[in-house]
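J.:
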Amino acid sequence: MWRTIGQKSTIEYLSRSVAEGSTHHAYLFLGPAHTGKRTLAIDLACALNCDSNEAPCGTCRPCNRILEGKHADIHDITLDDSGTPEDTEVEEEGRRRRTRILTEQIEDLQHASTLPPYEGRFKVMMVEHADRMTDAAANRILKVLEEPPPRVVWMLLAENVDRLLETVVSRCQRIDVQTMPAAQLERHLSEACTAPPEQAKLISRISLGRVGWALQALKDDSLLSERISQVEGAIQLPSMTYAARFDFSRELDAQYRRDPGSVRETLEQWTTWWRDLMLVKTGCADSVINIDYVNDMNEQAQRLSLEQIRDYIWKLNEAAKDLDLNVIPRLVFDSLVYTIPRIAKHAGGTGGLPAVLRDRSETK
Ligand SMILES: [Zn+2]
41 MWRTIGQKST
51 IEYLSRSVAE
61 GSTHHAYLFL
71 GPAHTGKRTL
81 AIDLACALNC
91 DSNEAPCGTC
101 RPCNRILEGK
111 HADIHDITLD
121 DSGTPEDTEV
131 EEEGRRRRTR
141 ILTEQIEDLQ
151 HASTLPPYEG
161 RFKVMMVEHA
171 DRMTDAAANR
181 ILKVLEEPPP
191 RVVWMLLAEN
201 VDRLLETVVS
211 RCQRIDVQTM
221 PAAQLERHLS
231 EACTAPPEQA
241 KLISRISLGR
251 VGWALQALKD
261 DSLLSERISQ
271 VEGAIQLPSM
281 TYAARFDFSR
291 ELDAQYRRDP
301 GSVRETLEQW
311 TTWWRDLMLV
321 KTGCADSVIN
331 IDYVNDMNEQ
341 AQRLSLEQIR
351 DYIWKLNEAA
361 KDLDLNVIPR
371 LVFDSLVYTI
381 PRIAKHAGGT
391 GGLPAVLRDR
401 SETK
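Numbering-wise (the numbering used here), the sequence shown opens with residue 41 and increments by one.
Printed below as a string of structure tokens:
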């Protein structure tokens, strides 16, 4: 059975394609991070190679080998986040690998795709973060998609279609992977995962409908702690001195070099915070995401004008776009922390704050 949760019509479509032998030579799975793109792609890889009539069964030998990551015909590449070398030149190369899919990675896949399947019916070439390919890598994959070898299926996984070449998109069957409505996700968490009601309610909201994030948060407290740090950062920053804000920017920059995804997640959490302030300000408090911070939200919303909130949401959106365009990250972060509207010191606790934020709030 498909392990993918939700995505009913997509699963019906893919099942039918596999059963009828009408699958495409390339798929583009598009959707926000942690929505289940990879799970869906692996499910499809199983379905293509499954020995059962009810593909993907998840229990036959090919399915098992794929799920265990041992199948010889499933090749995948992603951003390389291994190691943090100290040598500056090596570090620069490391940063490039952590933020971009490179031509040589695509060439390796291309070479593997020219050989016939070794143990299964279909070879699967999976490119995670396909929207982070360098221009040269994107042009290389374009050539591959123009003349696909038989019995090879390419699966590109991406968050942002605007970062992909139109010609690459047009050569793939596009599969939009949707976020799940909060009520449906809350039901799934409490019924299928037996999460306590309050926890199911909170996680379904703060996950922003991203099923993968929600399931991970149920198992792994560190995800929730991380999110608390991010939200409390958003709460504290407006009352920080400019010196403290720039220290914070430096920390963000260092973290971005090590792990760009975690900083993007931080900016997304800040955006949900500022959207919540907008909802409170416009009388729509029932729809806020951060339901565990309602008091802080009301207090901060009172101290800010609607215009200030709207402008800063715009600023956060621009920052995300600038990072995509490879603007120097430190400039993006400096500008972000500098332009947060200043308000008097927040009265709440700082227990969940990351080290960089503690004791840096304004004292007057
Ligand atoms: Zn199977």
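Where a beta carbon is used, it is the ideal one built from N, C-alpha and C, also for glycine.
#1: Under 7 Å Cβ to Cβ from aspartate 362, same chain only, skipping five residues before and after it: list those, please.
#2: Given alanine 178, which residues of its chain have a CB within under 8 Å of its CB, disregarding the five upstream and five downstream residues?
#3: Buried or exposed for threonine 405, going by 16 or more other Cβ atoms inside 10 Å?
#4: How long is the line joining the alpha carbons of alanine 222 and glutamate 187, rounded to whole angstroms?
#5: Figure out for me which residue from Ile331, Glu108, Ser153, Gly98 has the closest Cα to the Cα of arginine 43.
#6: Anything with a beta carbon under 7 Å from a heavy atom of ligand 1 counts; list them all in chain order.
#7: With distance defined between alpha-carbon atoms, name the residue in Thr219, Lys183, Leu155 nearest to alanine 66.
#8: Pop quiz: histidine 457 and arginine 290 are said to be a contact at Cβ under 8 Å. What is the actual Cβ separation, rounded to whole angstroms?
#9: Let's test the definition: count the other Cβ atoms within 10 Å of the Cβ of proline 125 and tell me whether it reaches 16, buried, or not, exposed.
#10: CB glutamine 218 to CB glutamine 47, shorter than 8 Å?
#11: Is it right to say methionine 165 is buried, meaning 16 or more other beta carbons lie within 10 angstroms of its own, or is it exposed?
#12: Over what stretch of residues does the beta strand (DSSP E) that includes arginine 214 continue unbroken?
#13: Alpha carbon to alpha carbon, what distance is there between phenylalanine 69 and alanine 81?
#14: Where does the unbroken alpha helix (DSSP H) through valine 352 begin, and where does it stop?
#15: Would histidine 169 pass as a contact of isoleucine 141 if the rule is Cβ separation under 8 Å?
#16: Use the C-beta contact count for tyrosine 352: other C-beta atoms within 10 angstroms, 16 or more gives buried, fewer gives exposed.
#17: Distance check for aspartate 202 and aspartate 148, CA to CA, integer angstroms please.
#18: Less than 6 Å between C-beta atoms, sequence neighbours within five positions excluded: which residues of the same chain meet that for arginine 343?
#19: Would you tell me roughly how many angstroms separate the C-alpha atoms of cysteine 212 and tyrosine 333, rounded to the nearest one?
#20: Is methionine 139 buried or exposed, if buried means 16 or more other CB atoms sit within 10 Å of its CB?
#21: Leucine 356 and threonine 311: beta carbons closer than 8 Å?
#22: Does the distance from the CB of tyrosine 158 to the CB of alanine 85 come in under 8 Å?
#23: Would you give the residue range spanned by the alpha helix (DSSP H) that aspartate 293 belongs to?
#24: Using the three-state DSSP reduction, which class does proline 125 fall into: helix, strand or coil?
#25: Among the residues of its own chain, which have a CB less than 8 Å from the CB of glutamine 340, if the five just before and after it don't count?
#26: Taking the C-alpha atoms as reference points, what is the distance between threonine 281 and leucine 263?
#27: Between which residues of its own chain and aspartate 315 is the CB-CB distance below 7 Å, once the five residues before and five after are set aside?
#28: Looking at the secondary structure, which residues open and close the alpha helix (DSSP H) in which histidine 228 lies?
#29: Per DSSP, tryptophan 314 forms a beta bridge with which residues?
#30: Residues in the same chain with beta-carbon distance under 6 Å from methionine 173, minus the five sequence neighbours each way, listed in chain order, please.
#31: I'd like to know whether the C-beta atoms of isoleucine 181 and isoleucine 215 end up nearer to each other than 8 Å.
#32: Look up isoleucine 141 in the DSSP assignment and say whether it is helix, strand or coil.
T.: On the basis of the supplied data:
#1: Locating residue 362 in the sequence shown gives position 322, counting from the first residue. Result list for aspartate 362: Val372, in chain order.
#2: Locating residue 178 in the sequence shown gives position 138, counting from the first residue. Cβ within range, chain order: Leu204, Leu205, Val208.
#3: Residue 405 lies beyond the stretch modelled for the chain, which goes from 41 to 404, so this question has no answer here.
#4: Along the sequence shown, read from residue 1 onward, the residue named residue 222 stands at position 182. Along the sequence shown, read from residue 1 onward, the residue named residue 187 stands at position 147. For alanine 222 and glutamate 187, the distance between alpha carbons rounds to 42 Å.
#5: Taking the first residue of the sequence shown as 1, we reach residue 43 at position 3. Nearest option by C-alpha distance: Gly98.
#6: Cys86, Cys90, Asp91, Ser92, Ala95, Pro96, Cys97, Gly98, Thr99, Cys100, Pro102, Cys103
#7: Numbered from its first residue, the sequence shown carries residue 66 at position 26. When each option's Cα is compared against that of alanine 66, the closest is Lys183.
#8: This structure gives no information on residue 457, because the portion of the chain shown stretches from 41 to 404.
#9: Start at 1 with the first residue of the sequence shown, and residue 125 comes out as number 85. Its pLDDT being 46, under 50, proline 125 is placed unreliably in this model, and the coordinates cannot settle the point.
#10: Along the sequence shown, read from residue 1 onward, the residue named residue 218 stands at position 178. Along the sequence shown, read from residue 1 onward, the residue named residue 47 stands at position 7. In contact: glutamine 218 and glutamine 47 (Cβ atoms closer than 8 Å).
#11: Position 125 of the sequence shown holds residue 165. The residue in question, methionine 165, is buried, as its Cβ has 16 or more Cβ neighbours within 10 Å.
#12: As a position in the sequence shown, residue 214 is number 174, starting the count at 1. Note, arginine 214: beta strand (DSSP E), 213-216.
#13: Here residue 81 corresponds to residue number 41 of the sequence shown, with the count starting at 1. Here residue 69 corresponds to residue number 29 of the sequence shown, with the count starting at 1. Going from the Cα of alanine 81 to the Cα of phenylalanine 69 covers about 8 Å.
#14: What you label residue 352 is simply residue 312 of the sequence shown in a count that begins at 1. First, the residue type needs correcting, since residue 352 is tyrosine and not valine in the sequence shown. 346-364 is the extent of the alpha helix (DSSP H) around tyrosine 352.
#15: The residue given as residue 169 occupies position 129 in the sequence shown. The residue given as residue 141 occupies position 101 in the sequence shown. It is a contact, given that the beta carbons lie within the stated cut-off.
#16: One-based indexing of the sequence shown puts residue 352 at position 312. It counts as buried.
#17: Sequence index remark: in the sequence shown, residue 148 carries index 108 (1-based). Sequence index remark: in the sequence shown, residue 202 carries index 162 (1-based). Their backbone Cα atoms lie some 25 Å apart in a straight line.
#18: As a first step, residue 343 must be located in the sequence shown, where it is residue number 303. Once the five neighbours on either side are set aside, the close Cβ partners of arginine 343 are Ile383.
#19: Counting from one through the sequence shown, the residue named residue 212 turns up at place 172. Counting from one through the sequence shown, the residue named residue 333 turns up at place 293. Approximately 42 Å between the Cα atoms of the pair.
#20: Here residue 139 corresponds to residue number 99 of the sequence shown, with the count starting at 1. In the sequence under discussion, the amino acid at residue 139 is threonine, which differs from the methionine named in the question. It is buried - the Cβ of threonine 139 has at least 16 other Cβ atoms within 10 Å.
#21: Numbered from 1 along the sequence shown, position 316 holds the residue referred to as residue 356. Numbered from 1 along the sequence shown, position 271 holds the residue referred to as residue 311. Between leucine 356 and threonine 311, the CB-CB gap stays under 8 Å.
#22: For the purposes of this step, residue 158 is identified with residue 118 of the sequence shown, where counting begins at 1. For the purposes of this step, residue 85 is identified with residue 45 of the sequence shown, where counting begins at 1. In this structure, alanine 85 does not lie closer than 8 Å to tyrosine 158 by Cβ.
#23: One-based indexing of the sequence shown puts residue 293 at position 253. It spans 282-298 - the alpha helix (DSSP H) in which aspartate 293 sits, taken as one unbroken run.
#24: Start at 1 with the first residue of the sequence shown, and residue 125 comes out as number 85. Its pLDDT being 46, under 50, proline 125 is placed unreliably in this model, and the value from its coordinates should be taken loosely. If DSSP states are grouped into helix, strand and coil, proline 125 belongs with coil.
#25: Within the sequence shown, residue 340 is the residue found at index 300, counting from 1. Excluding positions up to five away in sequence, the list reads Ile275, Pro278, Leu317, Ile383, His386.
#26: Here residue 281 corresponds to residue number 241 of the sequence shown, with the count starting at 1. Here residue 263 corresponds to residue number 223 of the sequence shown, with the count starting at 1. About 28 Å.
#27: For the purposes of this step, residue 315 is taken as residue 275 along the sequence shown, with counting starting at 1. One detail in the question is off: residue 315 reads as arginine in this sequence, not aspartate. Correct list, in chain order: Ile353.
#28: Walking along the sequence shown from the start, residue 228 turns up at place 188. 222-231 is the extent of the alpha helix (DSSP H) around histidine 228.
#29: Position 274 of the sequence shown holds residue 314. The partner list for tryptophan 314 (beta bridge, DSSP) is empty, contrary to what the question assumes.
#30: Numbered from its first residue, the sequence shown carries residue 173 at position 133. Result list for methionine 173: Ile141, in chain order.
#31: On the sequence shown, residue 181 is found 141 positions in, with the first residue counted as 1. On the sequence shown, residue 215 is found 175 positions in, with the first residue counted as 1. It is not a contact, given that the beta carbons lie outside the stated cut-off.
#32: Taking the sequence shown and counting its residues from 1, one reaches residue 141 at position 101. Correct three-state label for isoleucine 141: strand.
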